[in-house]
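Residue numbers (the numbering used here): 11 to 226.
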């Protein structure tokens, strides 16, 4: 038979009864045993390659994890910072709106006050007492004194506005130099005197003319 032709030589063993025992091995049985070391090395090498791939995958996952954590922290920082900046922007816009409204109101007040003062400035500047005749003196003097009184009332009415403007300039100048300055009574007295002194002088001149011409 073909299988027996390639079989390994039989092994004869003697038993206790002095009889030969024939053990026959089929072809290929020893070949599979000889191939075990080579297959084992392949399995070890394959396992090592798989382990290396797993380690690479683990490192890749760790990098992705760190990147995601970093992005998460940056997103939280942006969200918190953005909320703070938006809140500050809202407060600043509201403050600027209030300041703009106040500035517009003050600008309107200043424009109206200037128009009124300009009127009295032209009116009083056009009065020439030395040109009055004796017949016109009483009537012109009464009219001039009335206009002078109106001008004084207008000055007194806008005095707080002028004071706030000049006071604001003082505060701004002091703040820029980091030198806070307090205004005392003497300052306000001088300011009020500067406002009314020209009017007082003009009134005194009119009164003097009235006394001179009425006495004569």
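Even for Gly, the Cβ is constructed at its ideal location relative to N, Cα and C.
- The three-state secondary structure of residue 136, taken from DSSP, is coil.
- In the structure shown, residue 102 adopts helical secondary structure according to DSSP, grouped into three states.
- Look at residue 143 here: in three-state DSSP terms it is coil, with no helix or strand label.
- In this structure, the straight-line span from the alpha carbon of residue 114 to that of residue 134 is close to 30 Å.
- As the crow flies, the alpha-carbon of residue 92 is around 12 Å from that of residue 100.
- Under the criterion of beta carbons closer than 8 Å, residue 123 and residue 168 qualify as touching, at roughly 4 Å.
- Between residue 164 and residue 130 the beta-carbon gap is near 6 Å, inside 8 Å, which marks them as a contact.
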